[in-house]
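Protein chains in written order, with full-length UniProt numbering: chain Y, 1 to 199; chain B, 1 to 199; chain Z, 1 to 199.
Backbone N, C-alpha and C fix where the C-beta goes; we use that ideal spot for every residue, glycine too.
Data block below; observations after.
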Amino acid sequence: MEGLAPSSKLSLTVVVVVLLLGMAGAANGLKRVVANSPDEPCKNMTLYYHDILYNGNNTANATTAAATKPTPLSTTYWKNSTYFGALMVFNDPMTVGKALPLAGEEPAARAQGFYFYDKQESLTSWFGFSIVFNSTAHKGTLNLVGADLMGDATRDFSVVGGTGDFFMARGVATIRTDAIEGLYYFRLQMDIKLYECYL
Amino acid sequence: MEGLAPSSKLSLTVVVVVLLLGMAGAANGLKRVVANSPDEPCKNMTLYYHDILYNGNNTANATTAAATKPTPLSTTYWKNSTYFGALMVFNDPMTVGKALPLAGEEPAARAQGFYFYDKQESLTSWFGFSIVFNSTAHKGTLNLVGADLMGDATRDFSVVGGTGDFFMARGVATIRTDAIEGLYYFRLQMDIKLYECYL
Amino acid sequence: MEGLAPSSKLSLTVVVVVLLLGMAGAANGLKRVVANSPDEPCKNMTLYYHDILYNGNNTANATTAAATKPTPLSTTYWKNSTYFGALMVFNDPMTVGKALPLAGEEPAARAQGFYFYDKQESLTSWFGFSIVFNSTAHKGTLNLVGADLMGDATRDFSVVGGTGDFFMARGVATIRTDAIEGLYYFRLQMDIKLYECYL
Numbered sequence: 001m002e003g004l005a006p007s008s009k010l011s012l013t014v015v016v017v018v019l020l021l022g023m024a025g026a027a028n029g030l031k032r033v034v035a036n037s038p039d040e041p042c043k044n045m046t047l048y049y050h051d052i053l054y055n056g057n058n059t060a061n062a063t064t065a066a067a068t069k070p071t072p073l074s075t076t077y078w079k080n081s082t083y084f085g086a087l088m089v090f091n092d093p094m095t096v097g098k099a100l101p102l103a104g105e106e107p108a109a110r111a112q113g114f115y116f117y118d119k120q121e122s123l124t125s126w127f128g129f130s131i132v133f134n135s136t137a138h139k140g141t142l143n144l145v146g147a148d149l150m151g152d153a154t155r156d157f158s159v160v161g162g163t164g165d166f167f168m169a170r171g172v173a174t175i176r177t178d179a180i181e182g183l184y185y186f187r188l189q190m191d192i193k194l195y196e197c198y199l
Numbered sequence: 001m002e003g004l005a006p007s008s009k010l011s012l013t014v015v016v017v018v019l020l021l022g023m024a025g026a027a028n029g030l031k032r033v034v035a036n037s038p039d040e041p042c043k044n045m046t047l048y049y050h051d052i053l054y055n056g057n058n059t060a061n062a063t064t065a066a067a068t069k070p071t072p073l074s075t076t077y078w079k080n081s082t083y084f085g086a087l088m089v090f091n092d093p094m095t096v097g098k099a100l101p102l103a104g105e106e107p108a109a110r111a112q113g114f115y116f117y118d119k120q121e122s123l124t125s126w127f128g129f130s131i132v133f134n135s136t137a138h139k140g141t142l143n144l145v146g147a148d149l150m151g152d153a154t155r156d157f158s159v160v161g162g163t164g165d166f167f168m169a170r171g172v173a174t175i176r177t178d179a180i181e182g183l184y185y186f187r188l189q190m191d192i193k194l195y196e197c198y199l
Numbered sequence: 001m002e003g004l005a006p007s008s009k010l011s012l013t014v015v016v017v018v019l020l021l022g023m024a025g026a027a028n029g030l031k032r033v034v035a036n037s038p039d040e041p042c043k044n045m046t047l048y049y050h051d052i053l054y055n056g057n058n059t060a061n062a063t064t065a066a067a068t069k070p071t072p073l074s075t076t077y078w079k080n081s082t083y084f085g086a087l088m089v090f091n092d093p094m095t096v097g098k099a100l101p102l103a104g105e106e107p108a109a110r111a112q113g114f115y116f117y118d119k120q121e122s123l124t125s126w127f128g129f130s131i132v133f134n135s136t137a138h139k140g141t142l143n144l145v146g147a148d149l150m151g152d153a154t155r156d157f158s159v160v161g162g163t164g165d166f167f168m169a170r171g172v173a174t175i176r177t178d179a180i181e182g183l184y185y186f187r188l189q190m191d192i193k194l195y196e197c198y199l
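This is the structure:
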């Protein structure tokens with residue numbers, strides 16, 4: 001940096017440039033924030049996803065149901081319980097703690113979407129869904145897609161968009177199977193980290 | 001800011017930095033633009049989405065059809081017309097005005113994708129689709145996903161990507177039910193606002 | 001630029017600002033890179049997608065199967081082989097060269113997801129899937145959605161997110177039909193260009 005103007009002046013210039021860029025668009029109080037690295041999400045939350053499959057008798061409680069009947073290949077693989085091609089539609093409660101919402105209690109959010117099984121030898125599935133927030137804490141949605149490689153201890157979905165309080169969000173949701181109870185209930189822990197936000 | 005070099009010099013520096021950053025990548029005439037706030041989309045359009053359901057007799061006109069047959073849970077809920085789990089595939093005309101395209105007239109775009117119903121008590125659905133433009137005005141696609149919470153006056157989908165004239169676009173599409181005619185036709189107004197563009 | 005401080009000082013300032021911005025977040029060795037123009041992807045690769053449809057007898061080899069049975073409208077259109085509404089679920093090998101993986105050989109990646117046909121007069125379809133990498137070269141996923149307008153020589157999907165080695169990626173994948181063998185095999189060339197990366 002020899003020959004440059006005094007470095008104190010230079011760093012002041014840098015600071016001011018950054019401040020000015022940071023303030024652009026702040027008129028409505030919201031401003032775009034983009035993480036520079038995976039270590040610095042601009043927003044962070046953990047929610048539990050409860051999937052209660054329809055078993056023929058639990059109409060009042062079921063939150064997920066098969067939308068397709070078994071087809072020839074799925075039937076072939078159904079034998080070893082990999083359900084190839086089975087499409088499930090869900091409207092599942094999401095909670096801050098591990099417990100299901102009490103009767104009459106609103107969950108923190110609802111996950112609305114679908115998954116289907118897509119592996120012959122072992123269980124993998126693919127998800128597309130929205131996390132719909134409609135509480136005093138948050139209003140809006142996060143939209144996610146991704147592969148659920150159930151054999152892995154953790155796996156990642158992409159948060160591909162957001163609306164309302166989560167306007168234009170992007171990020172990654174890390175999934176962990178937290179509980180499986182028989183054939184008709186499982187719970188996923190979702191650690192959601194946003195790396196693009198308007199705050 | 002006392003002790004700083006004359007502020008006129010400083011603000012000129014800022015301006016030049018911004019100009020130089022703004023010009024980077026302008027070789028092919030396209031340059032990335034990102035909105036600083038929700039109030040300043042880089043692109044804006046309103047289109048009407050026409051959904052004409054297959055009713056058994058309208059093969060020539062139908063643009064949407066059920067891809068799945070009712071399954072046990074959906075049948076249970078079908079009674080109160082919430083169609084839980086029904087998957088619909090569509091290839092719908094989109095128009096600038098509210099009228100359907102005249103015979104032989106090309107629509108402004110086509111919406112190609114799917115939705116399915118996912119709520120037991122009331123109607124909600126989930127959409128994944130592309131808006132395909134193939135006109136003199138626009139060539140390319142916008143890709144959208146999101147929850148359609150039909151009980152709300154407006155609801156938002158995420159524009160998660162774009163191609164061609166909409167290269168790498170992101171944004172939000174606000175949906176309004178504009179008309180419902182019996183069981184076999186509905187029209188949505190979509191106000192599409194892009195916040196990331198290459199212009 | 002008359003009246004400005006000496007331009008050599010100015011451009012040094014600009015360089016330093018850019019360097020400082022570029023280094024932000026480099027603590028974990030990863031740093032966000034965004035292409036300024038469509039000509040400068042931050043990452044680039046070509047992979048071949050192999051789709052082997054279940055034909056009733058190829059359980060061991062099939063990688064794709066119909067998840068839905070023909071419904072009334074699809075049957076109407078099935079006559080002219082447009083398969084309106086047919087939903088296919090796949091778990092397809094992806095390779096660097098055109099050949100299928102040898103017996104026992106791991107493919108470069110697997111494409112896990114679905115497509116369905118959505119046009120009456122000619123073939124178009126819509127895809128949602130993940131490219132799952134699990135090799136020494138790459139671990140992670142790319143998530144894609146988009147319309148496959150099969151009548152066009154090339155068509156584009158959006159890369160809407162990524163995880164692992166492809167953390168927060170966005171881009172465009174250009175598709176070309178590379179081979180069709182009878183009714184039960186087709187191969188797509190996918191030229192994947194990422195325009196947002198953490199490198």
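When secondary structure is reduced to three states using DSSP, Z:Lys193 falls in the strand class.
Per DSSP, Y:Asn58 lies in no beta strand (DSSP E) segment and is marked neither H nor E.
Within the stretch 34-65 of chain Z, contact with chain B at the beta-carbon level (separation under 8 angstroms) is assigned to Val34, Ala35, Asn36, Ser37, Pro38, Asp39, Glu40. The C-alpha of B:Arg170 is placed about 5 angstroms away from the C-alpha of B:Val160. By the 16-neighbour rule on beta-carbons within 10 angstroms, Z:Asp39 is exposed. Contact between B:Leu87 and B:Thr68 holds: CB atoms are separated by about 4 angstroms, below the 8 angstroms threshold. For B:Ser135, the three-state secondary structure derived from DSSP is coil. Using a Cβ-Cβ cut-off of 7 angstroms, Y:Leu30 is close to Ser37, Pro38 of chain B, given in chain order. Assignment of Z:Ser122 by DSSP, reduced to helix, strand and coil, places it in the coil class.
According to DSSP, residue pairing for B:Ala111 in a beta bridge involves B:Asp92, B:Ile131.
When secondary structure is reduced to three states using DSSP, Y:Ala99 falls in the coil class, being assigned neither helix nor strand. Taking a Cβ-Cβ threshold of 9 angstroms, the residues of chain Y close to Z:Val145 are Gly128, Val145, Val160, in chain order. Proximity to B:Met150 across B:Gly162, B:Val172, B:Asn143, B:Arg176 peaks at B:Arg176, based on C-alpha coordinates. Rounded to whole angstroms, Z:Tyr195 and B:Asn143 show a C-alpha spacing of 17 angstroms. Membership of B:Glu40 in any beta strand (DSSP E) is not indicated, and neither H nor E is assigned to it by DSSP. Beta-bridge annotation (DSSP): B:Asn143 is paired with B:Ser130, B:Gly161. Using a 10 angstroms sphere on the CB of Z:Ala137, the tally of other CB atoms stays under 16, which defines it as exposed. At a beta-carbon threshold of 7 angstroms, none of the residues of chain Z lie near Y:Tyr115; the nearest stands roughly 11 angstroms away.
Contact of Y:Met168 with chain B by beta-carbon distance below 9 angstroms involves Ala35, Pro38, Ser158, Arg170, Gly171, Val172, Tyr195, Glu196. Taking a beta-carbon distance threshold of 9 angstroms, Y:Thr124 counts as an interface residue toward chain Z.
Per DSSP, B:Glu105 has no beta bridge partner at all. A check of alpha carbon separations from Z:Gly140 across Z:Ser158, Z:Phe157, Z:Ala108, Z:Asp118 identifies Z:Ala108 as the nearest. An exposed status is given to B:Ile180, since fewer than 16 other beta-carbon atoms sit within 10 Å of its beta-carbon.
With a cutoff of 9 angstroms on beta-carbon distance, Z:Leu183 and Z:Asp51 are scored as not near each other.
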